[in-house]
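Residue numbers (the numbering used here): 4 to 121.
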């Protein structure tokens, strides 16, 4: 009778261990599936520097961002609306930067948003 109880207890412990490991693996895979990756696809040197980055995940279509600032990995981020493309014409002005897209879309970013850091 002791052997039957030990076997039952061992089965319960193995079930609990499997549930914990399975939950952990599912959480890690979910984070990896939704974690975005950013790749720089174009750069426009100048003051401020302008970098266009593609944001992609394993699920969904890529989105685009424009980063304005002194370096590629730190600056003001402007999200590009879907369907506008990823090749803006950069027009620097005294009071800011204007991004012009092929579909006649325009985004103006005032200089106060990217000058002086955070």
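Here a beta-carbon is modelled for each residue, glycine too, at the ideal position from N, C-alpha and C.
Alpha-carbon spacing of residue i relative to residue j, whole angstroms
i: residue 28; j: residue 21; result: 10 angstroms
i: residue 4; j: residue 19; result: Reliability fails at residue 4, whose pLDDT of 43 lies under 50, so the model's placement of it is uncertain and no value is given.
i: residue 82; j: residue 69; result: 6 angstroms
i: residue 59; j: residue 41; result: 7 angstroms
i: residue 110; j: residue 33; result: 34 angstroms
i: residue 94; j: residue 49; result: 11 angstroms
i: residue 63; j: residue 96; result: 35 angstroms
In DSSP terms, what residue i is bridged to
i: residue 42; result: 57
i: residue 49; result: Per DSSP, none; premise fails for residue 49.
Nearest to residue i (by Cα), restricted to the options the options
i: residue 92; options: 106, 41, 85; result: 106
i: residue 66; options: 101, 117, 39, 50; result: 39
Contact set for residue i: own chain, Cβ-Cβ below 8 angstroms, skip 5 residues either direction
i: residue 45; result: 54, 55, 89, 90
Beta-carbon proximity list for residue i, same chain, < 6 angstroms, skipping 5 on both sides
i: residue 17; result: none
Contact set for residue i: own chain, Cβ-Cβ below 7 angstroms, skip 5 residues either direction
i: residue 99; result: 111, 112, 113, 114
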